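*Asks:* I have a structure here, written as structure tokens, and I will follow up with some questions on it.
Residue numbers (our numbering): 18 to 111.
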């Protein structure tokens with residue numbers, strides 16, 4: 018499998034979220050699961066995807082949890098913003 022193939026898998030997941038085909042919670046959990054089991058990542062691709070791993074890990078749809086530490090937790094809107102930024106970076110990554 019090539020780096021382009023791997024990148025495409027992650028872009029597909031991100032695009033499903035951005036198109037509203039899956040919820041923020043489904044995206045977050047799916048992304049975390051995919052990254053944890055993916056031993057094919059390295060270099061710039063890994064660095065970019067690892068950033069989003071942290072964001073996905075900080076996502077919560079529970080307002081009480083968010084309010085307990087808004088410096089750490091992020092909302093649906095924040096996650097969407099981060100996903101858009103990652104999508105753009107991935108599309109231009111060579």
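In this text, a Cβ means the ideal position worked out from N, Cα and C, and glycines have one as well.
Every value quoted in this text rests on a predicted model; they were computed, and no experiment measured them.
Indicate whether residue 35 and residue 104 have their beta-carbon atoms separated by less than 9 Å.
*Replies:* By 1-based counting over the chain shown, the position of residue 35 is 18. By 1-based counting over the chain shown, the position of residue 104 is 87. Yes, these two residues count as a Cβ contact at 9 Å.
*Asks:* Hey, quick one: how far does the alpha helix (DSSP H) through residue 32 stretch, first residue to last?
*Replies:* For the purposes of this step, residue 32 is taken as the residue at position 15 of the chain shown. First-last of the alpha helix (DSSP H) with residue 32: 20 to 35.
*Asks:* Which one or two residues does DSSP pair with residue 91 in a beta bridge?
*Replies:* On the chain shown, residue 91 is found 74 positions in, with the first residue counted as 1. 76.
*Asks:* How is residue 81 classed by DSSP in three states: helix, strand or coil?
*Replies:* The sequence position of residue 81 within the chain shown is 64, counting from 1. Three-state result, residue 81: helix.
*Asks:* Name the residue from 101, 75, 97 whose alpha carbon lies nearest to the alpha carbon of residue 41.
*Replies:* Counted from its first residue, the chain shown places residue 41 at position 24. The shortest Cα separation from residue 41 among 101, 75, 97 belongs to 97.
*Asks:* Taking the CB atoms as reference points, tell me whether residue 13 and residue 49 lie closer together than 9 Å.
*Replies:* Outside the shown range of the chain (18 to 111) lies residue 13, about which nothing can therefore be said.
*Asks:* How long is the line joining the alpha carbons of residue 91 and residue 106, rounded to whole angstroms?
*Replies:* Walking along the chain shown from the start, residue 91 turns up at place 74. Walking along the chain shown from the start, residue 106 turns up at place 89. So the alpha carbons of these two residues sit roughly 20 Å apart.
*Asks:* If you compare alpha carbons, which of 22, 68, 63, 61 is closest to residue 101?
*Replies:* Looking up residue 101 in the chain shown gives position 84. Taking only the C-alpha atoms, the option nearest residue 101 is 68.
*Asks:* Quick one: residues in its chain with C-beta nearer than 6 Å to the C-beta of residue 23, no 5 flanking neighbours on either side, listed in chain order?
*Replies:* If you number the chain shown from 1, residue 23 lands on position 6. Excluding positions up to five away in sequence, the list reads 57.
*Asks:* Where does residue 58 sit, in a helix, a strand or coil, going by DSSP?
*Replies:* In the chain shown, counting from the first residue as 1, residue 58 sits at position 41. DSSP places residue 58 in coil when its eight states are reduced to three.
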